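**Q** One structure, as structure tokens, below. Some questions next.
Protein chains: 2
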Amino acid sequence: MESPPAPTSTDDDPTKVDACASAPSAHPRPDGQDRYTISEVVAFTGLTAHTLRWYERIGLMPDVDRSHTGQRRYTNRDLDWLAFVGKLRLTGMPVAHMVRYAELVRLGEQTFEERRELLESTRRDVVNRMAELQDTLAVLDHKINFYAGAQ
Amino acid sequence: MESPPAPTSTDDDPTKVDACASAPSAHPRPDGQDRYTISEVVAFTGLTAHTLRWYERIGLMPDVDRSHTGQRRYTNRDLDWLAFVGKLRLTGMPVAHMVRYAELVRLGEQTFEERRELLESTRRDVVNRMAELQDTLAVLDHKINFYAGAQ
DNA sequence: TGCTTGCTTGGAGCGCACTCCAAGGTTCTA
DNA sequence: TAGAACCTTGGAGTGCGCTCCAAGCAAGCA
Chain A
858 MESPPAPTST
868 DDDPTKVDAC
878 ASAPSAHPRP
888 DGQDRYTISE
898 VVAFTGLTAH
908 TLRWYERIGL
918 MPDVDRSHTG
928 QRRYTNRDLD
938 WLAFVGKLRL
948 TGMPVAHMVR
958 YAELVRLGEQ
968 TFEERRELLE
978 STRRDVVNRM
988 AELQDTLAVL
998 DHKINFYAGA
1008 Q
Chain B
858 MESPPAPTST
868 DDDPTKVDAC
878 ASAPSAHPRP
888 DGQDRYTISE
898 VVAFTGLTAH
908 TLRWYERIGL
918 MPDVDRSHTG
928 QRRYTNRDLD
938 WLAFVGKLRL
948 TGMPVAHMVR
958 YAELVRLGEQ
968 TFEERRELLE
978 STRRDVVNRM
988 AELQDTLAVL
998 DHKINFYAGA
1008 Q
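Heads up: the sequence lines are chains A and B, in that order.
In terms of our numbering, the first sequence opens at residue 858 and continues consecutively.
In terms of our numbering, the second sequence opens at residue 858 and continues consecutively.
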């Protein structure tokens, strides 16, 4: 990372696949022994195995490692990436944009600028959405108060 | 309305179809001459005519008036209702729940309690969503700062 | 060794919220 | 009175984000 914060956290270094440091997220196994099966990842993330495989098919997961017989083995870094994708999903960002971001990460450091622009655009969406929700909250409270006042 | 605020605003009185007072929204025509065609409503709301007709079909619009030849004529109250539905839509509330709410409004005052519960549940969803977005904002800012710092 | 459970794939299916279509009637302006 | 623009309907289609299926291989245990 930029300066010296948490020693275990991976971050936006493209050699580390742009995992997300904001959730140190205490992974159950130390680096080196982190070869999770798909069902373990299902348990950690709450996603379904179908969805995990689908993410890979559409290019949203960066090359998951395989066992000698071809079964998926996920790393802590993959888990970090999935946590970040989960955040993006909460923003309502279309999956196609996330795929674009994943592609930029694969392309390395020369895409930092475009990545930043993409995230800033997403940030604006989030801020707008929060303002909309704040408005809506006022409307809901007004009506709830009316109904509460009318017993 | 409960106390005496804005004189023009309709509100949660079921005889007035539960329109939303929170947006006084300066409708272009006074009550009595408010018989908007579907394309006028499209212009006001940003919804498509398809969507307006669909809302009616699924029970999300309360009995839109018709001209003598059967064409729709929307009132200011219909516009208020659509504005409220728009707010609910922003919360991510499923259309089926909005239809349920519309049904409760049609059933009159004895559904005040259930309407309040439905809106309070929606309110909780909104608050949760806002907290999630706030979290996400922190993650986005962290990454944006990293990319900005790396030029 | 057999048995159960888990993992693999490509491709089909689903639920939601619209979105559009075809064929025909209505309204408005000149 | 003509012509353009608008409105009607039931039903089919679309795009998104999954979700599931079938058929077969892999892993772990008695």
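A virtual CB, placed ideally from N, CA and C, is assigned to each residue, including glycine.
None of the values given here were measured: they were computed from a predicted structure.
Is the region 884-903 of chain B touching the region 927-936 of chain B in the sense that three or more CB pairs, one from each, lie closer than 8 angstroms?
**A** The region 927-936 of chain B is in contact with the region 884-903 of chain B.
**Q** Determine the DSSP secondary structure at residue 963 (chain B), reduced to helix, strand or coil.
**A** Looking at residue 963 (chain B) - three-state DSSP - the assignment turns out to be helix.
**Q** Residue 878 (chain B): buried (16+ other C-beta within 10 angstroms of its C-beta) or exposed?
**A** Only weak support exists for where residue 878 (chain B) lies, its pLDDT of 42 falling under 50; the value from the coordinates is given anyway. Flag for residue 878 (chain B) reads buried.
**Q** Does chain A have any CB closer than 9 angstroms to the CB of residue 964 (chain B)?
**A** Not one chain A Cβ lies under 9 angstroms of residue 964 (chain B).
**Q** Alpha carbon to alpha carbon, what distance is there between residue 987 (chain A) and residue 990 (chain B)?
**A** Roughly 7 angstroms between the two C-alpha positions.
**Q** Around the Cβ of residue 984 (chain A), are there at least 16 other Cβ atoms within 10 angstroms (buried) or fewer (exposed)?
**A** Residue 984 (chain A) is exposed by the Cβ-count criterion.
**Q** Would you say residue 969 (chain B) faces chain A, with C-beta separation under 9 angstroms as the test?
**A** Yes, its Cβ sits closer than 9 angstroms to a Cβ of chain A.
**Q** Who are the neighbours of residue 915 (chain A) on chain B, taking C-beta pairs under 8 angstroms?
**A** The premise fails here: residue 915 (chain A) is roughly 21 angstroms from chain B at the closest Cβ pair, so nothing lies under 8 angstroms.
**Q** So, for residue 958 (chain A): in the same chain, excluding its five sequence neighbours on each side, which residues have a beta-carbon less than 7 angstroms away from its beta-carbon?
**A** Only 972, 975 meet the Cβ criterion.
**Q** Run the CB neighbour count on residue 888 (chain B), radius 10 Å, all protein chains shown included, and call it buried at 16 or more, exposed below.
**A** Result: exposed.
**Q** Which of helix, strand or coil does DSSP assign to residue 935 (chain A)?
**A** Helix, per DSSP.
**Q** Can you give me the start and stop residues for the alpha helix (DSSP H) that residue 890 (chain B) sits inside?
**A** Premise fails: residue 890 (chain B) is in no alpha helix (DSSP H) and is neither H nor E.
**Q** Enumerate in chain order the residues of its own chain whose CB-to-CB distance from residue 968 (chain B) is below 7 angstroms, with the five nearest sequence positions on each side excluded.
**A** Counting only Cβ-Cβ distances below 7 angstroms, and skipping sequence neighbours, we find 961.
**Q** Rounded to whole angstroms, what is the Cα-Cα separation between residue 880 (chain B) and residue 912 (chain A)?
**A** Caution applies to residue 880 (chain B), whose pLDDT of 47 falls short of 50 and renders its modelled position unreliable; the model cannot decide the point.
**Q** Which value, in whole angstroms, describes the spacing of the CA atoms of residue 909 (chain A) and residue 900 (chain A)?
**A** Cα-Cα distance, rounded: 12 angstroms.
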